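S.K.: The structure follows.
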Amino acid sequence: MNAMVKAEGVHKSFGAVQVLKGIDLEVAPREVFCLIGPSGSGKSTFLRCINHLEKINSGRLYVDGDLVGYRQKGDKLFELKDREVAAKRRDIGMVFQRFNLFPHMTALENVIEAPVQVKRETKAVARERARKLLDRVGLADKAGNYPSQLSGGQQQRVAIARALAMEPKLMLFDEPTSALDPELVGDVLDVMRGLAEDGMTMIVVTHEMGFAREVGDSVVFMDDGVVVESGLPREVLTNPQHERTKSFLSKVL
Amino acid sequence: MTTKIDKTGPVGTPSPAPENIKAIPVRHYGRWISAVVAIAVLAMLVYAFAKGDVNWAAIPDYFFDGEVLKGVRNTIWITILSMVLGVALGIVLAVMRLSKNPVTSSIAWGYIWFFRGTPVYVQLLVWFNLGLVFKYINIMPIYKDEWSDFMTPFLAALLGLGLNEAAYMAEICRAGIQSVDEGQTEAAQALGMSHAKTLRRVVLPQAMRVIVPPTGNEFINMLKTTSLVIAVQYWDLLQATSEVGQNSGATAEMLFLAAAWYLILTSVLSVGQYYLERYYARGTSRNLPTTPLQRIRVNLLSGSNRQGGVSA
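Residue numbers (the numbering used here), protein chains in the order written: chain V, 7 to 259; chain B, -16 to 295.
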């Protein structure tokens, strides 16, 4: 089992509403995997299932060969304890549409919080890496600022640094640029492009078709809880086979 | 958030300073009338009290009287202890109410329902008079005593005020915890933080901004509510001043004295609350409000500038 993420028939419903209706896909290590599709198609929900922020109702979901949220013994499934779920999440970084930085901490404190509190690193070590990470996202001079003193694009870059501080093997991006002013999108995408070049495995839910085409290794178009079309970005985005993909792309491009 | 404000002002050749507008201001006759009326009413009040048979000299005489000071100390002491009990129990109750366990959340609900639904004065009396139904207190291996020896005025006051306060604090804490955006919990969990750590490191510090201001109010309220412990014969400020008043014949004067002491204590608390709120507002507002000291300094500095006339 070589895939970083593997989904087999993943279903998810909220009450009576079925959001995911059987998702099958594989994400290889070092791959940049872009999920596109209209809002309400289940992209974000699927992303949140990967680090068990949402529980799937049926199917199987694996990260790096391990089942998400459960342990299998024979043909029986056992729910993982909260502590075990938390331990798995350490290896999966997540970036949210609305940044979700901790507002009562400075940018630097945001970045060192998890390494110090979860990984029990010393503050000195965590701080040094945090400074490097902030430098990498172009915010070395903003270490002492609170999130409310930063622009949206800067906040999102701090959020990326915060996720990277845990040295994850997989990064999930949930529409990372959708809440940003157009002129600030580029900085965030540049940081993500750099990550991709360094070989990070990334799953990106996005409406940035340009990013998907240039940086993405594969693109999946989802609609109404199913994967409609998938393949190389060039093929899916420029020469879609499916009617629904065509009509979606004609609206966003 | 994203617009860049041009701080340099209009560029180019400096234009000559425009002439200030000179106009006759609107006359606010209503303001004058209302001010005169208010001052007149105030003057009448002062006159009435001055004419009244008040032995003003008695107030400074007894202000630092030993019994009164003991009452002040006890009032401060019972206020602090009741609030500590109330806050501690309130946090526990709030967490219980928010827990997924239906038994603990129902118990917390019932507690809040009972203690908020009955007057604190009645609760104080109930604690004090429980001796009528319990002859002994018997916590099996630890403690056994006659109820009347166990339930001192101090303990009755502490339990009456503290347990009542816990019900209010529980609701304040719950509102605070619920005010924190769900995305914060998600972000913390996505980083691999446990539930307890998420609560302690991420949720509670942000909830404090919502919890602290009403808790300050509760503290000030508690200070005044302690005057009810006269019902359980605890020697607080009001009890002390009433006693002194009866013995010295200056009953009304001693009540003024008590009011003055309460005012001093609540004023001190208000100042403390201001700084506490300021501390917990960090990170939320871009610019913290200035402290009075800073404001005075700024006013002094700008006062000297203002003489320069029109400032750019």
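No residue lacks a Cβ here, since even glycine has one placed at the ideal position from N, Cα and C.
As the structure is a computational prediction, the values presented were derived from the model and not from experiment.
1. Would you identify the three-state DSSP class for Gln162 of chain V, choosing helix, strand or coil?
2. Can you confirm whether Ser177 of chain B, when its beta carbon is compared against all beta carbons of chain V, has any partner nearer than 8 Å?
3. May I have the straight-line CA-CA distance separating Val23 of chain V from Tyr152 of chain V, to the nearest angstrom?
4. List the DSSP bridge partners of Arg77 of chain V.
5. Just to confirm, are Ala130 of chain V and Leu140 of chain V a CB contact at a threshold of 8 Å?
6. Would you say the region 96 to 106 of chain B touches the region 145 to 162 of chain B, given that touching needs at least three Cβ pairs under 8 Å?
7. Is Val143 of chain V near Ile118 of chain V, with beta carbons less than 8 Å apart?
8. Starting from the beta carbon of Glu169 of chain B, find every residue of chain V whose beta carbon is closer than 9 Å, and list them in chain order.
9. Distance check for Ile62 of chain V and Glu165 of chain B, CA to CA, integer angstroms please.
10. Express the C-alpha separation of Asn84 of chain B and Gly93 of chain B in angstroms, rounding to a whole number.
11. If I measure Cβ to Cβ from Asn57 of chain V and keep anything under 7 Å in the same chain, skipping five residues before and after, which residues do I get?
12. Taking 7 Å as the cut-off, is the beta-carbon of Glu115 of chain V closer than that to any non-hydrogen atom of the ligand ZN?
13. Note down the Cα distance separating Ser154 of chain V from Arg163 of chain V, rounded to an integer number of angstroms.
14. Once the 5 residues before and after Arg250 of chain V are set aside, which same chain residues still bring their CB inside 7 Å of it?
15. In chain order, what residues of the same chain have a beta carbon less than 6 Å from the beta carbon of Ala91 of chain B, not counting five sequence neighbours either side?
16. Is any beta-carbon of chain V found at less than 8 Å from that of Val78 of chain B?
17. Under the three-state reduction of DSSP, which class applies to His178 of chain B: helix, strand or coil?
18. So, for Met(-16) of chain B: in the same chain, excluding its five sequence neighbours on each side, which residues have a beta-carbon less than 6 Å away from its beta-carbon?
19. Quick check on DSSP: helix, strand or coil for Ile155 of chain B?
20. Give the DSSP-derived three-state secondary structure of Gly73 of chain B in the structure shown.
21. Going by Cα to Cα distance, which pick from V:Gly216, V:Ala13, V:Ile42 is closest to Val210 of chain V?
22. Give the DSSP-derived three-state secondary structure of Tyr152 of chain V in the structure shown.
23. Going by DSSP, what residue range makes up the beta strand (DSSP E) through Tyr317 of chain B?
24. On a Cα-Cα basis, can you pick out the residue from B:Thr198, B:Ser250, B:Trp15 that is closest to Ser65 of chain B?
25. Using the rule of at least 16 other Cβ atoms within 10 Å of the residue's Cβ for burial, across every protein chain shown, is Phe111 of chain B buried or exposed?
26. In chain B, which residues lie with their C-beta within 7 Å of the C-beta of Met10 of chain V?
27. Quick one, which residues of the region 189 to 208 of chain B are near chain V if we go by CB-CB under 9 Å, in chain order?
28. With respect to the alpha helix (DSSP H) encompassing Gln247 of chain V, which residues constitute its N-terminal and C-terminal limits?
29. Counting only Cβ pairs nearer than 9 Å, list the residues of chain V close to Val186 of chain B.
30. Is Arg89 of chain V close to chain B? Criterion is C-beta to C-beta, closer than 8 Å.
31. Could you say which of B:Trp130, B:Pro196, B:Thr209 lies nearest to Thr58 of chain B if we only look at CA atoms?
32. With a threshold of 16 other CB atoms inside 10 Å of the CB of Asn38 of chain B, please say whether the residue is buried or exposed.
33. Ends of the beta strand (DSSP E) at Gln24 of chain V?
34. In terms of residues, what are the limits of the alpha helix (DSSP H) holding Lys138 of chain V?
35. Taking DSSP's pairing of strands, which residues face Glu129 of chain B in a bridge?
36. Using only alpha-carbon positions, find the residue among V:Gly222, V:Leu107, V:Leu176 that is nearest to Leu238 of chain V.
M.R.: If we stick to the structure as given:
1. Note: Gln162 of chain V maps to helix in three-state DSSP.
2. Residue contact with chain V for Ser177 of chain B: present (Cβ-Cβ distance below 8 Å to some residue of chain V).
3. Note on geometry: alpha-carbon atoms of Val23 of chain V and Tyr152 of chain V lie some 39 Å from one another.
4. When beta bridges are read from the DSSP output, Arg77 of chain V appears opposite V:Phe84.
5. No; because the gap between Cβ atoms is not below 8 Å, this pair is not in contact.
6. Put simply, the region 96 to 106 of chain B touches the region 145 to 162 of chain B. At least three CB pairs are less than 8 Å apart.
7. The criterion of a C-beta distance shorter than 8 Å is not satisfied by Val143 of chain V and Ile118 of chain V.
8. Chain V residues near Glu169 of chain B: Arg54, Leu59, Met100, Phe102, Asn106.
9. Put simply, the backbone Cα of Glu165 of chain B is about 20 Å away from that of Ile62 of chain V.
10. In this structure, the alpha-carbon of Gly93 of chain B lies about 14 Å from that of Asn84 of chain B.
11. Here the set comprises Arg95, Ile98, Met100, Leu178.
12. Summarising the ligand content, the structure contains no ligands, and the ligand ZN is consequently not present.
13. Take the alpha-carbon of Ser154 of chain V and the one of Arg163 of chain V: they are about 14 Å apart.
14. If the five residues before and after Arg250 of chain V are omitted, its C-beta is found closer than 7 Å to the C-beta atoms of Asp229, Val234, all from its own chain and listed in chain order.
15. Short of 6 Å from the beta carbon of Ala91 of chain B, and not among the five residues preceding or following it, lie these beta carbons of its own chain, in chain order: Leu76, Met79, Arg80.
16. No, its Cβ sits nowhere closer than 8 Å to a Cβ of chain V.
17. If DSSP states are grouped into helix, strand and coil, His178 of chain B belongs with the helices.
18. Per-residue confidence for Met(-16) of chain B stands at a pLDDT of 46, beneath the threshold of 50, marking its modelled position as unreliable; the derived number appears in the next sentence. Within the same chain, Met(-16) of chain B has no close Cβ partners at all.
19. Helix.
20. Here Gly73 of chain B sits in helix by DSSP.
21. Looking at the Cα atoms, V:Ile42 is the closest of the given residues.
22. In the structure shown, Tyr152 of chain V sits in coil (DSSP, three-state: anything other than H, G, I, E or B).
23. Residue 317 of chain B is absent from the structure shown; chain B starts at -16 and stops at 295.
24. Looking at the Cα atoms, B:Thr198 is the closest of the given residues.
25. Buried is the label assigned to Phe111 of chain B, since at least 16 other Cβ atoms lie within 10 Å of its Cβ.
26. In chain order: nothing, as chain B lies at least about 17 Å away.
27. Only those residues of the region 189 to 208 of chain B whose C-beta falls short of 9 Å from the nearest C-beta of chain V are listed: Gln189, Met191, Arg192.
28. Run containing Gln247 of chain V: none; DSSP gives neither H nor E here.
29. Those do not exist, as Val186 of chain B stays about 10 Å from chain V at its closest Cβ, beyond 9 Å.
30. Interface residue, yes.
31. Of the listed residues, the one whose Cα sits closest to Thr58 of chain B is B:Thr209.
32. Exposed is the call here.
33. Per DSSP, Gln24 of chain V belongs to the beta strand (DSSP E) from 23 to 33.
34. Run containing Lys138 of chain V: 129 to 142, per the alpha helix (DSSP H) assignment.
35. Glu129 of chain B is bridged to B:Tyr119.
36. Comparing Cα-Cα distances from Leu238 of chain V to each of V:Gly222, V:Leu107, V:Leu176, the minimum goes to V:Gly222.
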